[in-house]
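*Asks:* Residue numbers (UniProt numbering): 1 to 146.
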């Protein structure tokens with residue numbers, strides 16, 4: 001059932017995903033193209049906001065803020081998985097792996113390498129504050145529009 005909390009949560013997490021992808025772009029290794037990172041992050045933010053944060057926005061404000069942080073963590077994990085999977089597929093098409101098991105093992109190494117980019121203070125701060133704000137906005141929408 002569509003609710004205002006789900007809509008606001010989807011918009012807030014989509015915006016957080018897009019802004020976080022723009023914030024991480026300067027920290028990418030030299031010569032790395034971000035490609036459609038902003039679209040992947042924004043689309044994942046919409047889905048996670050609608051399915052995870054929106055329904056959890058009711059109740060106390062602190063519970064909604066915690067739900068926002070949880071939704072942000074889910075979004076980050078899914079985006080890391082998708083981006084690393086795409087990079088693994090590109091590398092496998094260049095025949096850089098010995099077999100499928102080696103490619104899958106490398107994908108999780110790529111996820112770890114990409115996660116290290118999120119530890120820069122500007123990116124980490126944006127994700128943490130944005131997750132809390134998204135939870136607060138969804139909570140406000142859940143209380144205002146029923």
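Ideal placement from N, C-alpha and C gives every residue a C-beta, glycine not left out.
From the DSSP output, in three-state form, read off residue 30 for me.
*Replies:* Walking along the chain shown from the start, residue 30 turns up at place 30. Coil at residue 30, not helix or strand.
*Asks:* Which parts of the segment 50-133 are runs of the alpha helix (DSSP H), unbroken and 4 residues or longer, counting only runs that do not cross its ends?
*Replies:* Here the runs fully enclosed are 61-93, 100-116.
*Asks:* Given that a residue counts as buried once 16 or more other Cβ atoms are within 10 Å of its Cβ, and exposed if not, what is residue 95?
*Replies:* As a position in the chain shown, residue 95 is number 95, starting the count at 1. Exposed, since its Cβ has fewer than 16 Cβ neighbours within 10 Å.
*Asks:* Among the candidates 30, 51, 27, whose CA atom is the shortest distance from the CA of residue 14?
*Replies:* Indexing the chain shown from 1 puts residue 14 at position 14. Ranking 30, 51, 27 by Cα distance to residue 14 puts 51 first.
*Asks:* Tell me the DSSP secondary structure of residue 35 in three-state form.
*Replies:* Taking the first residue of the chain shown as position 1, residue 35 is located at position 35. DSSP places residue 35 in coil when its eight states are reduced to three.
*Asks:* Output the boundary residues of the alpha helix (DSSP H) element that contains residue 22.
*Replies:* Reading the chain shown from its first residue, position 22 is the one you call residue 22. Taken as a continuous stretch (DSSP letters only), the alpha helix (DSSP H) holding residue 22 covers 4-24.
*Asks:* If we ignore side chains and look at the alpha-carbon of each, how far apart do residue 28 and residue 128 end up?
*Replies:* What you label residue 28 is simply residue 28 of the chain shown in a count that begins at 1. What you label residue 128 is simply residue 128 of the chain shown in a count that begins at 1. Spanning the two alpha carbons is a distance of roughly 20 Å.
*Asks:* Quick one: grab the DSSP three-state call for residue 146.
*Replies:* Residue numbering aside, residue 146 sits at position 146 when the chain shown is read from its first letter. The answer is coil: DSSP assigns residue 146 none of H, G, I, E or B.
*Asks:* Buried or exposed, going by whether 16 or more other CB atoms sit within 10 Å of the CB of residue 44?
*Replies:* Reading the chain shown from its first residue, position 44 is the one you call residue 44. It is buried - the Cβ of residue 44 has at least 16 other Cβ atoms within 10 Å.
*Asks:* Going by C-alpha to C-alpha distance, which of 10, 118, 117, 24 sits closest to residue 57?
*Replies:* Taking the chain shown and counting its residues from 1, one reaches residue 57 at position 57. Of the candidates 10, 118, 117, 24, the one whose C-alpha sits nearest the C-alpha of residue 57 is 10.
*Asks:* Can you tell me whether residue 79 is buried or exposed, with buried defined as 16 or more other CB within 10 angstroms of its CB?
*Replies:* As a working mapping, residue 79 is identified with position 79 in the chain shown. Residue 79 is buried by the Cβ-count criterion.
*Asks:* When you compare the CB positions of residue 69 and residue 111, do they come within less than 8 Å of one another, or not?
*Replies:* To locate residue 69, count along the chain shown from 1; it is residue 69. To locate residue 111, count along the chain shown from 1; it is residue 111. No; because the gap between Cβ atoms is not below 8 Å, this pair is not in contact.
*Asks:* State the Cα-Cα distance for the pair residue 194 and residue 2, rounded to the nearest angstrom.
*Replies:* It is not possible to answer for residue 194, since the shown part of the chain is limited to 1 through 146.
*Asks:* Compute the beta-carbon to beta-carbon distance between residue 134 and residue 12, rounded to the nearest angstrom, for a pair I have assumed lies under 8 Å.
*Replies:* Working through the chain shown from its first residue, we reach residue 134 at position 134. Working through the chain shown from its first residue, we reach residue 12 at position 12. Yes, residue 134 and residue 12 are in contact; Cβ-Cβ is about 4 Å, under 8 Å.
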